[in-house]
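Student: Residue numbers (the numbering used here), protein chains in the order written: chain A, 1 to 192; chain B, 1 to 96. Glycine included, every Cβ here is placed at the ideal spot set by N, Cα and C. Quantities reported herein were computed from a predicted structural model and do not represent experimental measurements.
Structure, rendered in structure tokens:
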């Protein structure tokens, strides 16, 4: 990785940590972090040349850019091909994204059942954000979002998570077509 | 739209699946307790052996199905649309 990019990504983590220490990870704090991440993504090909990042073998791939020490944040460059999608899910930890190129729609939902029936859930849409160059999105712990790449070119984004992907909590997937919910195991127990 | 037969070896169930329908969705819609998580090619909970027939794969993440697994006859049922009658065997259990 280029020294300039390494330094810029490390600086982003430090700036984000300073925001969290001051403002927390509520809406105000995450919006500030989004502004920082959008500014980093806006440096585009100059800092993140595609030749430095392998394309997916299939349709989606994550590249580690920087990891905070200990049980901290993870910053990634994600490449998702046109049509790549993820069903509505809650990944248990906050997330901020900013686009370098391409367009990915993020649709947000809230759960409408009381969670009392195992495997059953209903959700309803509450909003939508287009992640495209110059724009990003921020979502809080336990927010539910669905993603789909809607551009004809790959969606290349910076993604900052409250935990590294290797230390993710349980990801809970919602399926309105089945009125179902499925929780995948947490990676936190097995992570070193 | 042509409907193909999908045989699910784990239960012996045979379900109809349109050519534009995903195997997982056809199975769950028919009442089969097929394991799944994300159902969009990201988690691999529905990874299965394709023991006969052909499928077309929709988009999925590299970390859900490797090139080697695909070459070895593994599929993600949530991303697989039948091109013929097929037989599959799921390899794991989903979580609730």
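List the residues of chain B that residue 81/A touches, going by C-beta distances under 8 Å, in chain order.
Tutor: 59
Student: Using a Cβ-Cβ cut-off of 8 Å (strictly less than) and excluding sequence neighbours within five positions of residue 122/A, which residues of its own chain qualify?
Tutor: 111, 112, 113, 176 and 179
Student: Leaving aside the five residues before and after residue 41/B along the sequence, list all residues of the same chain whose C-beta is less than 8 Å from its C-beta, in chain order.
Tutor: Excluding sequence neighbours, residue 41/B sits near 58, 59, 60, 61, 64, 65, 76, 78 and 79.
Student: What residues in the segment 27-49 of chain B bring their beta carbon closer than 9 Å to a beta carbon of chain A?
Tutor: Here the close residues are 28, 29, 35, 36, 37, 38, 39, 40, 41, 42, 43 and 45.
Student: Are three or more beta carbon pairs between the segment 114-133 of chain A and the segment 64-77 of chain A nearer than 8 Å?
Tutor: no
Student: So is residue 82/B buried or exposed if we call it buried at 16+ other beta carbons inside 10 Å?
Tutor: By the Cβ neighbour-count rule, residue 82/B is buried, with 16 or more other Cβ atoms within 10 Å of its own.
Student: Taking 8 Å as the threshold, find out whether the segment 140-149 of chain A comes into contact with the segment 84-102 of chain A through three or more Cβ pairs.
Tutor: yes
Student: Going along chain B, which residues have a C-beta under 8 Å from residue 107/A?
Tutor: Per Cβ cutoff of 8 Å: no residues; residue 107/A is ~13 Å from chain B at best.
Student: Listing by chain order, which chain A residues have their CB less than 8 Å from the CB of residue 65/B?
Tutor: Listed along the chain, the chain A residues whose CB falls inside 8 Å of the CB of residue 65/B are 58.
Student: Tell me whether residue 90/B sits in a helix, a strand or coil according to DSSP, three-state version.
Tutor: strand
Student: Does the beta carbon of residue 167/A fall short of 7 Å from some heavy atom of the ligand COA?
Tutor: Judged by which ligands are present, the structure shown has none, so any question about the ligand COA falls away.
Student: Is the segment 133-142 of chain A touching the segment 33-42 of chain A, taking contact as three or more C-beta pairs under 8 Å?
Tutor: yes
Student: Name the one or two DSSP bridge partners that residue 76/B has.
Tutor: Per DSSP, 47/B.
Student: In chain A, what lies closer than 7 Å to residue 62/B by C-beta?
Tutor: 56, 57, 58, 60 and 61
Student: Whole angstroms are fine: how far does the CA of residue 138/A sit from the CA of residue 27/A?
Tutor: Just so you know, the alpha carbons of residue 27/A and residue 138/A end up roughly 8 Å apart.
Student: Nearest CA to the CA of residue 172/A: which residue from 36/B, 50/B and 71/B?
Tutor: 36/B
Student: So what does DSSP say about residue 29/A, is it helix, strand or coil?
Tutor: helix
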